[in-house]
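> For the sequence shown, our numbering gives the first residue as 3, with consecutive numbering after it.
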Amino acid sequence: MNCLFCKIIAGQIPSTKVYEDETVYAFRDINPQAPTHILVVPKAHIADCNGINAENSAVVAHIFEVISQLAEHEGLENGYRVISNCGPDGCQSVHHLHFHLLAGRYLQWPPG
Ligand code: 5GP
Ligand code: ZN
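#1: Which residue or residues does DSSP assign as beta-bridge partners of H39?
#2: The ligand ZN: which residues have Cβ under 7 Å from any of its heavy atoms, chain order?
#3: Tell me whether I48 is buried or exposed, calling it buried when 16 or more other Cβ atoms sit within 10 Å of its Cβ.
#4: Please determine whether the Cβ atom of N33 lies at a distance below 7 Å from any heavy atom of the ligand 5GP.
#5: On a CA-only basis, which of P37, H97 and S95 is nearest L103? Give me that one, please.
#6: Would you tell me roughly how many angstroms separate the C-alpha atoms of S86 and G92, rounded to the nearest one?
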């Protein structure tokens with residue numbers, strides 16, 4: 003499959019890995035929007051939030067467990083934001099489900 007994040011997970015494209023287990027991979031965003039900007043992705047290809055269903059949703063729960071561990075490991079005591087962009091209006095650019103973990107500066111709300 004011609005998917006950038008599948009290639010990163012497979013090690014065909016280098017990335018700065020921060021966490022990996024059987025079902026989840028996390029790595030630093032190449033174009034960080036905050037001092038901490040980590041992408042947390044399922045290893046199985048799911049295109050976007052609309053691809054989450056009863057068969058594959060357990061990995062999403064696990065991703066949020068990983069995010070909680072990463073927040074502790076990265077020292078994000080002051081808070082953080084988790085975002086999954088979906089579709090054109092959501093500004094999704096890579097069509098493999100991913101959760102942005104952003105922290106290290108004050109994050110405006112609502113986002114632009
Ligand atoms: P989206 O816009 O789909 O929500 O997020 C895709 C993210 O992937 C962007 O924040 C972008 O900077 C990041 N990205 C795109 N290509 C690469 C890459 O080759 N390596 C890494 N580490 N991040 C990437
Ligand atoms: Zn993929």
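For glycine and all other residues, C-beta sits at the position ideal for the given N, C-alpha and C.
Remember, it's a predicted structure, so these values are computed and weren't measured experimentally.
For this structure:
#1: Reading the sequence shown from its first residue, position 37 is the one you call residue 39. Beta-bridge pairing links H39 to L104.
#2: M3, C5, F7, C8, H47 and H98
#3: Counting from 1 along the sequence shown, the entry for residue 48 is found at position 46. Buried, because 16 or more other Cβ atoms sit within 10 Å of the Cβ of I48.
#4: Position 31 of the sequence shown, counting from 1, holds the residue named residue 33. Flag set: Cβ of N33 near the ligand 5GP.
#5: On the sequence shown, position 101 is the one that residue 103 refers to. Nearest of P37, H97 and S95 to L103, Cα basis: P37.
#6: Walking along the sequence shown from the start, residue 86 turns up at place 84. Walking along the sequence shown from the start, residue 92 turns up at place 90. Each residue's alpha carbon lies about 8 Å from the other.
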